[in-house]
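Shown next, in structure tokens, is the structure this report addresses.
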Amino acid sequence: MTTTIIWTIVAITVLGVLLAVVLYLVATKFKVEEDPRIDEVEKVMPGANCGGCGFAGCRAFAQSCVEAGNLDNNFCPVGGNDVMKKVAAVLGLEVKEKAPMIAVVRCNGTCANRPRTNDYDGVRSCKVKAALYSGDTGCLHGCLGCGDCVAACQFGAISMDPATGLPVVDEEKCTACGACVRACPKRIIELRNKGPKNRRVFVSCVNMEKGAAARKACSAACIGCGKCAKACPFDAITVEHNVAYIDFNKCRLCRKCVAECPTGAIHDVNFPTPAPKPEPKEAPKPAAPAAEVKSTTDKKEE
Amino acid sequence: MKKTFSIGGVHPDDKKISAGCAIEVLPTPKKVYISMAQHLGGPAKATVAAGDKVKTGQVIGEPTGFISAFVHSSVTGTVKSVGLRKDLAGIPVIHVEIDVEDDEWMDGIDTTDTIVREIPQDTKFILDRIRNNGVVGLGGATFPTNVKLCPPPDKKADILILNGAECEPYLTSDYRIMLEKSEQIVIGAALMKHVLGVERVVIGIEENKPEAIAKMKEAVASLAAGTAGYSGIEVMTLKKKYPQGGEKQLIDAVTHRQVKSMGLPIDVGVVVQNVATSLAVYEAVQKNKPLIDNTITVTGECFPKQSNLLVRVGTPLSYIVDWLGGIPETAAKAVSGGPMMGKAIANMDAATLKGTSSILFLTEEQTKRKPETNCIRCGKCAEACPMGLEPFLLNKLAKNRMYDELEENAVQDCIECGCCLYSCPANIPLLDIIRIAKGDVIRIIRSRTAPKK
């Protein structure tokens, strides 16, 4: 009995030693040389593996940073400037600071603004819906409301507002990784500068149809009238294909365009209003500016 | 034993309720809108401008490539505008808008009813007439017919199949033309037979249309007896099974040849044409009449006036429906095409195209999707798939975007017949998901093979 146990122990030990030697030899023979800095860079990355940087994951991004030798073309949108500074410190490189970005939904086709012209009964997916037809409203370019962006967001930063049928971006959670931008078949969502104190002005419409058709489909559509472009003192607004676009690098947040827009398609976010204090969330505009717009159009009609 | 294709297929209820309605000629509307994208391939380029006078049958759009087709004016009148207009899916397409005046046909078009039986011997003459008169496949895909009749030099067809299966429920337009214009269809078949240089033509018709089978057999027999060039044409009775009208399924049913993955029928020596295309070929070659009208079924249980109408291309759908008494109140959905593969009409103001085969009205009860539940792995979808695919697996792979695996499992061979969705007891929208994945995979395959050329 005892001899069996002893022999077993001896056999296993000998086998173990032999295999260890084999493993050691194989490991030295097939050793993969890898820059140790990749590990170091990966350690300071957020580790979300979201792909927002354009690489397959954080490690791929780290490898690219190490191999490129500079950080001009690499930026981690999730970690932002803080992480990039750490990466630069690890690699002994310099990095330019980038303004923080945020996903902006450029559609204001709420249930009230944009009447439904038919009922969609198919799969709840914007991609499927967009491949089938123009959508259940008269607007060809607007939000389809099936929430592909919500499903694409790994940070839980987008949710559908049941009242408006449009997605809402949570400013606290959005990391500007751009997953929603890629998921949206209508290309409504854009990454824009977050702006000082989170204040920003943007055209909340991408409808490229002519004014009359756009207005017929949605009362809050940009009709491409160009009033905003004329009012802008900084040449930040261009009107192309019947839709205005505000260049966020040129915009100085004077908000002259907001008052000028006849349909209220230009939104200003997080500006203090004289009346009740605005909520920190990117909710639909408080009543005050909307009313202003209305009154100005009324005057014109008179 | 009656023939049919070997794998898969479903048996939806026939519902050919408009079968007894003879083809009526719809009066021309006051305005027509003729789309420049009525065929597969590059859209035609409009050759007219606002203010131009056009005659019926005049060319108003030229092809923009090898796979493209001529577009002709279906009416006489004045061009009001050339511009974007929404099609039945609500997508803007270039249309020519024409204010209709009294009908005046172009010179050289034979508008009489006399049947021209003699087959011209010059194949180039036949092909030119088919091309110049804008004939496209009317079985659904609207592929330019002249291109299909000119196989590449290294491939030779030995059999032409005419598709008279009309396997979709409700549709009766092909059935009606087989009854009323059977001789013209057979002449069209003989013309295509001559161009292709094949010895055998099979007209495949499903068993649920005995009158059409009898009528077509009679036409074949009388033509074969009297005139040269009509030998080798036969009518084959097929078992009733959906999707028999699918190109690959029909080839399997008639010849038992299998078209391989991503292959074309010509690879196995077969060319398939629809019976309506054959009629269009007859009119184009023997009468020099462009494809400017087609037969459309207007039907549905909730629709009071079942009809088969001869409609000029470019007639607004709303005009057709109003002429028949308007949209019934109980109708919840309008479909262009059959209930299995047709497209929902999102815009009733859209105009008809060459390939429009029907307007079908369905009630809420018939069309409402039932709530989706979990897959119970019953395998009914795999059993129903006529291409031998595994829809439940493709659905899962598509949801996880596993494109390599999707390609391995041949998602690109899906013919979008909808058998899987029809047979699924869990109401999983298999086809909707698979169709998107198929598009993505085909794009990947093309991008991989393109740079090598």
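Sequence lines, in order, name chains A and B.
Its first residue numbered 198, the first sequence is counted upward by one per residue in the numbering used here.
Its first residue numbered 2, the second sequence is counted upward by one per residue in the numbering used here.
Beta carbons are placed, not taken as given, at the ideal position from N, Cα and C, and that holds for glycine.
Within its chain, find whatever has a CB closer than 8 Å to the CB of residue i; leave out the 5 residues flanking it on each side and keep chain order.
i, result
"I328/B", "V322, A335, M349 and F362"
"I267/B", "P152, P153, K156 and A158"
"M298/A", "P274, A373, L388, R389, N390 and K391"
"K369/B", "A333"
What three-state label does DSSP hand residue i in the structure shown?
i, result
"F258/A", "helix"
"D104/B", "coil"
"E499/A", "Since pLDDT at E499/A reaches only 33, below the 50 mark, its modelled position is unreliable, and no value is offered."
"Q274/B", "strand"
"G227/B", "helix"
"F71/B", "coil"
"E406/B", "helix"
"V148/B", "helix"
"H12/B", "coil"
"E63/B", "strand"
"I377/B", "coil"
"F304/B", "coil"
"P317/B", "strand"
"A352/B", "strand"
"L395/B", "helix"
"L325/B", "coil"
"V221/B", "helix"
"K17/B", "coil"
"F362/B", "strand"
"K447/A", "coil"
"S36/B", "strand"
"V137/B", "strand"
"A332/B", "strand"
"I420/A", "coil"
"I120/B", "coil"
Under the DSSP definition of a beta bridge, which residues are partnered with residue i?
i, result
"P364/A", "M357/A"
"M237/B", "G205/B"
"E387/A", "V301/A"
"K4/B", "L239/B"
"L310/B", "E25/B and I297/B"
"H464/A", "F399/A"
"E437/A", "V440/A"
"E291/A", "Paired residue(s): none; E291/A is not in a bridge."
"I162/B", "V203/B and V273/B"
"V55/B", "G78/B"
"F352/A", "BP columns for F352/A are empty, so no partner."
"R86/B", "V94/B"
"K344/B", "S337/B"
"Y176/B", "Y176/B pairs with nothing; no bridge assigned."
"K46/B", "E63/B"
Tell me which residues share the same chain as residue i and place their Cβ nearer than 6 Å to its Cβ, disregarding the 5 neighbours each side in the sequence.
i, result
"L337/A", "S331"
"E406/B", "L398"
"K407/A", "N439"
"T238/B", "K3, E208 and I214"
"D53/B", "V80"
"A545/A", "The structure shown does not extend to residue 545/A, since chain A is modelled only from 198 through 499, so no value can be given for it."
"W204/A", "none"
"R201/B", "I160 and G233"
"V94/B", "S36, A38 and D88"
So residue i contacts chain B; which residues on that side make the cut at Cβ distance below 7 Å?
i, result
"N315/A", "A347"
List, in order along the chain, the chain A residues whose C-beta lies closer than 8 Å to that of residue i?
i, result
"A90/B", "L329, Y330 and S331"
"P266/B", "Near P266/B there are no residues of chain A at all, since even the closest Cβ is about 26 Å away, more than 8 Å."
Along chain B, in chain order, which residues have C-beta atoms closer than 9 Å to that of residue i?
i, result
"G319/A", "A345, R370, P430 and D433"
"L337/A", "K87, G91, I92 and P93"
Output, in chain order, the set of chain A residues within a Cβ distance shorter than 7 Å of residue i.
i, result
"I437/B", "K324, V325 and A328"
Return the chain-ordered list of same chain residues with a C-beta closer than 7 Å to the C-beta of residue i, the five sequence neighbours on each side being excluded.
i, result
"C379/B", "P426"
"V325/A", "G319"
"Y320/B", "P30"
Can you find a C-beta in chain E that's less than 8 Å from the C-beta of residue i?
i, result
"A70/B", "In summary, chain E is missing from the structure at hand, where the protein chains are A and B."
**Request:** Kindly provide the ranges of any alpha helix (DSSP H) runs that are 4 or more residues long and lie completely inside the stretch 303-348 of chain A, ordered along the chain.
**Result:** Segments of the alpha helix (DSSP H) lying fully in the stretch 303-348 of chain A: 323-329.
**Request:** Identify every run of the alpha helix (DSSP H) within the stretch 203-248 of chain A, keeping only runs that are complete inside it and at least 4 residues long; order them along the chain.
**Result:** Correct list: 233-241.
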